[in-house]
Amino acid sequence: MDIIGNRTIIDVLHEKSSLYGDKTFLLFEDNNKHVTEYTYKEFLNRVNRFSNVLLEHGVKQGDKVTIHLPNSSDFIVSWFALANIGAVMVPTNILSTASEMEYLMGHSESTLLITEEAYLEKFESIQDNLPQLKKTLLSRCYNEKHQDISMDYLIENAKEDAPNIEISGEDVVSIMYTSGTTSKPKGCLITHANYLHVGQVVSKSIRLSPEDRALIVLPFFHGNGQYYMFMPALTVGGSVAITERFSASQYIKQAKRLGATVGSLFAAPIRMILAQDYDESDKDNPLRMVFFAQSVTEQQFSEFETKFDVPLLQLYGMTETVVPPLMNPLDGARENLSIGRPVITAEVKLIDDDGKEVGFNEPGQIIIKGVPGRTIMKGYFKNEKATNETIQDGWLHTGDKAMLTEEGYFYFVDRKKDMFKRAGENVAAIEVETAIMEHPAVYEAAVVSVPDEIRDEAIKGFVILKKGENITEEELLEHCRQHLAKFKVPDEIEFVEDFPRTSVGKIQKHKLKNKVNQ
1 MDIIGNRTII DVLHEKSSLY GDKTFLLFED NNKHVTEYTY KEFLNRVNRF SNVLLEHGVK
61 QGDKVTIHLP NSSDFIVSWF ALANIGAVMV PTNILSTASE MEYLMGHSES TLLITEEAYL
121 EKFESIQDNL PQLKKTLLSR CYNEKHQDIS MDYLIENAKE DAPNIEISGE DVVSIMYTSG
181 TTSKPKGCLI THANYLHVGQ VVSKSIRLSP EDRALIVLPF FHGNGQYYMF MPALTVGGSV
241 AITERFSASQ YIKQAKRLGA TVGSLFAAPI RMILAQDYDE SDKDNPLRMV FFAQSVTEQQ
301 FSEFETKFDV PLLQLYGMTE TVVPPLMNPL DGARENLSIG RPVITAEVKL IDDDGKEVGF
361 NEPGQIIIKG VPGRTIMKGY FKNEKATNET IQDGWLHTGD KAMLTEEGYF YFVDRKKDMF
421 KRAGENVAAI EVETAIMEHP AVYEAAVVSV PDEIRDEAIK GFVILKKGEN ITEEELLEHC
481 RQHLAKFKVP DEIEFVEDFP RTSVGKIQKH KLKNKVNQ
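Dropping the structure here:
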C-alpha cells in the first residue's frame with residue numbers, strides 16, 4: 001500500500017476536524033473586503049448540509065455538476081460536498097462565453113449547475129441545448145424570488161448528518177478542463193488519491209505545518225489553487241485564506257490582513273505587483289515563500305525578494321501531472337531561472353522524437369513517470385485516444401521541452417505546439433483560429449504569440465479574407481469577443497494576401513512570428 005491507501009479527501013477533512021475542530025480553517029475575503037470565516041468543524045458541518053441539499057435535488061453518485069463561480073467559500077464547500085456524495089465537480093472559468101459553456105457542460109454531461117445570479121443570462125441562452133441539465137443552484141443569492149435555489153437558504157434548512165455513501169480513493173472527484181492543441185478542451189479526470197498525493201508531496205517540499213496559512217488569489221477553476229495551496233494546507237491541518245480575485249496593489253496587504261504564510265502566483269501577477277507604487281511597510285509581512293510558474297527575469301526575482309523579503313520558488317506542473325514534478329528547493333541552492341529539480345516521489349526524463357533519453361544540455365520532451373489516478377491524472381474524460389497518446393507505458397508525455405544541466409536543474413525550452421500562456425491562462429491557437437474562421441468573410445486564419453511585458457504573451461491574428469469580402473479589424477475582433485473568453489481574444493489582427501507555407505501548404509508560423517518581431 002502507498003502513503004494514500006484508499007483514503008479520500010473527505011476522510012482527511014474528518015480527521016483534521018477531529019484534531020483541530022475549533023481552529024480557523026477557511027477565510028474568504030470578497031471584493032468588498034468582507035471576510036467569511038469557518039473553523040474546521042463549521043466547514044465540515046456546512047459541507048454535510050450542502051451534501052444533503054444536493055442529494056435532495058437529485059444529484060447521484062457519479063453525476064457531474066458544473067461549478068461556475070469566482071473564488072469563494074461556496075466554491076470550496078461545493079467541491080467537498082460533491083466529493084462527499086461521490087459526485088464530480090466540473091469547475092469552469094467565469095469568463096467563458098455561452099458557446100464555450102455549452103460545450104463544457106454538454107461534454108461533461110453536467111446535470112446541475114452552481115453559479116451566481118450575475119451569470120444566469122449566459123446560461124439561459126443555452127439551456128435548450130443542454131437537455132441533461134436539470135437544475136441550477138445559486139451562491140450569494142440576495143434575490144427573494146430565487147430563495148428556493150439559494151445555497152445559503154437551502155443549507156440553513158438542511159440536515160447536518162453526514163451522508164452514508166461509500167466512496168473510494170480511486171473515485172473521480174473532478175473533471176478539470178484544459179486547453180489543448182485540438183479545437184476543444186480536454187477534461188482531466190482527477191481522483192481523491194490524486195488530491196491527497198499532491199497534498200503530501202507539496203506540503204513536505206515546503207515544510208508546511210499546522211501553523212501555516214495558504215493565500216489563494218489565483219482562480220480556483222485552475223489546478224494551481226486546488227493542487228499547490230488548498231490540499232497541502234488541509235493535509236497538515238493548516239488553514240487557507242482565499243480572495244475573490246487577484247489585486248496587484250493589494251496582494252501583500254491581503255497577506256498581512258489574512259495572516260498568510262505561503263502563496264502561489266504566475267509570472268504575470270508578479271510583474272503586475274512590481275509595477276505598483278512601492279509601500280515600504282509591505283516588506284513587513286508574514287509570507288515565508290511564494291511559488292510561481294513561467295518566466296520572470298533575474299532582475300524581477302531580485303526586486304520582488306528585496307522589496308517584500310519573500311523567497312520565490314519557480315516550479316513546473318500541468319493539470320495532467322497534478323503534482324508539480326519539478327520545483328526549486330526551499331532548502332538548498334535555488335536557480336530560479338530554471339524550473340527546478342524533481343520533487344520527492346517524482347521521476348522525470350527528457351526524450352527525443354524517437355523516445356530516447358537525451359544528454360545534458362540537449363532539448364528533449366519532458367515526460368513524467370506516474371500511476372494514473374494516483375500520482376498523475378486518471379486520463380481524459382471520453383477521450384481514450386488522447387489518453388493513450390499522453391500516457392504511454394507509465395509515462396506522461398507533456399509535449400513541453402526542456403534541457404537538463406549537469407547540476408540537476410531543468411530549464412524550460414518551449415511550450416506545447418501552438419499553445420500560449422496569457423496572464424496565467426492557457427490558450428490553444430486552433431481554438432482562436434476556429435473562432436475567427438467562423439466569420440463568413442474569413443477564408444483562413446493563423447494566430448501567433450507576441451511577447452508582452454505584463455501578460456507573458458499577447459495574441460496576434462493573421463487573416464486571409466474571402467474574395468470580394470471586406471471587414472475591418474474592429475468588426476472581426478468584436479466577432480471574437482462574442483465567441484471567445486476575454487483572455488483568448490486577439491490583441492490585434494493583420495489582413496494578409498497569403499501565409500508563408502511549406503511545399504505541402506502547411507503554414508510556417510515561425511515566419512509569421514519573425515514578421516511580428518522585425
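Letter 358 of the sequence shown, counting from 1, is numbered 358 in our numbering, and no numbers are missing.
Virtual Cβ for every residue (Gly too), placed ideally from N, Cα, C.
Could you tell me the distance, in whole angstroms, from the CA atom of Glu144 to the CA atom of Leu69? The residue labelled residue 144 in the question sits at position 144 within the sequence shown. The residue labelled residue 69 in the question sits at position 69 within the sequence shown. Looking at the two C-alpha atoms, the distance is approximately 20 Å.
In whole angstroms, what separates the C-alpha of Ser72 from that of Leu27? Walking along the sequence shown from the start, residue 72 turns up at place 72. Walking along the sequence shown from the start, residue 27 turns up at place 27. Taking the straight line joining both Cα atoms gives about 9 Å.
Opposite Ser110 in the DSSP bridges: which residues? The residue you call residue 110 lines up with position 110 of the sequence shown. Answer is Lys64.
How would you call His34, buried or exposed, if buried means at least 16 neighbouring beta carbons within 10 angstroms? Counting from one through the sequence shown, the residue named residue 34 turns up at place 34. His34 is exposed by the Cβ-count criterion.
At the level of alpha carbons, what is the spacing between Phe381 and Glu469? On the sequence shown, residue 381 is found 381 positions in, with the first residue counted as 1. On the sequence shown, residue 469 is found 469 positions in, with the first residue counted as 1. The straight-line gap from Cα to Cα measures roughly 40 Å.
Taking the alpha carbon of Tyr38 as the point to measure from, which residue in Val47, Asn31, Asn32 has its own alpha carbon closest? Within the sequence shown, the letter at position 38 stands for residue 38. It is Val47 whose Cα lies nearest to the Cα of Tyr38.
Go to Val37, then tell me how far its beta strand (DSSP E) extends in each direction, as first and last residue. Residue numbering aside, residue 37 sits at position 37 when the sequence shown is read from its first letter. Note that residue 37 is Glu in the sequence shown, not Val. Segment 35-39, the beta strand (DSSP E) holding Glu37.
So Val262 is in the alpha helix (DSSP H); what residue range does that whole segment cover? Residue mapping note: residue 262 aligns to position 262 of the sequence shown, counting from 1. Not the alpha helix (DSSP H): Val262 falls in the beta strand (DSSP E), residues 262-266.
Quick test of the definition: if touching needs 3 or more C-beta pairs under 8 Å, does the segment 92-110 touch the segment 129-137? yes
Under DSSP, the alpha helix (DSSP H) around His197 begins and ends at which residues? Numbered from its first residue, the sequence shown carries residue 197 at position 197. Here the alpha helix (DSSP H) through His197 covers 192-205.
Secondary structure of Ser503, DSSP reduced to three states: Stepping through the sequence shown from its first residue, residue 503 is reached at position 503. Because Ser503 sits at a pLDDT of 46, beneath the cut-off of 50, its placement in the model cannot be relied upon, and the point is left open.
Residue burial classification, Pro185 (beta-carbon count within 10 angstroms, cutoff 16): Numbered from 1 along the sequence shown, position 185 holds the residue referred to as residue 185. It counts as buried.
Is it buried or exposed, His197, if we count other Cβ atoms within 10 angstroms and call 16 or more buried? Numbered from 1 along the sequence shown, position 197 holds the residue referred to as residue 197. His197 is buried by the Cβ-count criterion.
Suppose you measure from the CA of Gly21 to the CA of Glu160; what does that come to, to the nearest Å? Within the sequence shown, the letter at position 21 stands for residue 21. Within the sequence shown, the letter at position 160 stands for residue 160. About 16 Å.
Alpha carbon to alpha carbon, what distance is there between Lys41 and Ser17? The residue labelled residue 17 in the question sits at position 17 within the sequence shown. The residue labelled residue 41 in the question sits at position 41 within the sequence shown. Using only the alpha carbons, I get a separation of about 6 Å.
Only counting the same chain, and skipping five residues up and downstream in sequence, which positions put a Cβ closer than 7 Å to that of Leu548? Residue 548 cannot be examined here, being either before or after the span of the chain that is shown, 1 to 518.
Less than 8 Å between the CB atoms is what I'm expecting for Ile507 and Ala446, so what's the real figure, rounded? Counting from one through the sequence shown, the residue named residue 507 turns up at place 507. Counting from one through the sequence shown, the residue named residue 446 turns up at place 446. Indeed they touch by this definition, with Cβ atoms about 5 Å apart.
Only counting the same chain, and skipping five residues up and downstream in sequence, which positions put a Cβ closer than 6 Å to that of Arg334? Residue 334 sits at position 334 when you count from the first residue of the sequence shown. Here the set comprises Asn328.
Pick from Gly187, Glu362, Glu29, Val442: whose alpha carbon is nearest that of Glu384? Sequence index remark: in the sequence shown, residue 384 carries index 384 (1-based). With distances taken between Cα atoms, Glu384 lies closest to Gly187.
Please name the residue or residues paired with Pro363 in a DSSP beta bridge. Here residue 363 refers to the residue found at position 363 when the sequence shown is read from its first residue. According to DSSP, Pro363 bridges with nothing at all.
Between the alpha carbons of His222 and Lys466, how many angstroms are there, rounded? Mapped onto the sequence shown, residue 222 falls at position 222. Mapped onto the sequence shown, residue 466 falls at position 466. Those two C-alpha atoms are separated by around 38 Å.
To the nearest angstrom, how far is it from the Cα of Arg341 to the Cα of Glu362? Along the sequence shown, read from residue 1 onward, the residue named residue 341 stands at position 341. Along the sequence shown, read from residue 1 onward, the residue named residue 362 stands at position 362. Using only the alpha carbons, I get a separation of about 16 Å.
Close beta carbons around Ala214, own chain, < 6 Å, minus the five adjacent residues each side: Counting from one through the sequence shown, the residue named residue 214 turns up at place 214. Hits under 6 Å: Met229, Ala233, Val240, Val262.
Measuring CB atoms only, is the segment 95-105 touching the segment 48-61, in the sense that at least three cross pairs come out at less than 8 Å? no
When the distance is taken between beta carbons, is Phe360 closer than 8 Å to Leu404? Stepping through the sequence shown from its first residue, residue 404 is reached at position 404. Stepping through the sequence shown from its first residue, residue 360 is reached at position 360. Against a cut-off of 8 Å, the Cβ pair of Phe360 and Leu404 comes out as a contact.
Backbone CA spacing between Ile4 and Gln200 [nearest angstrom]: Residue mapping note: residue 4 aligns to position 4 of the sequence shown, counting from 1. Residue mapping note: residue 200 aligns to position 200 of the sequence shown, counting from 1. Their Cα atoms are separated by approximately 9 Å.
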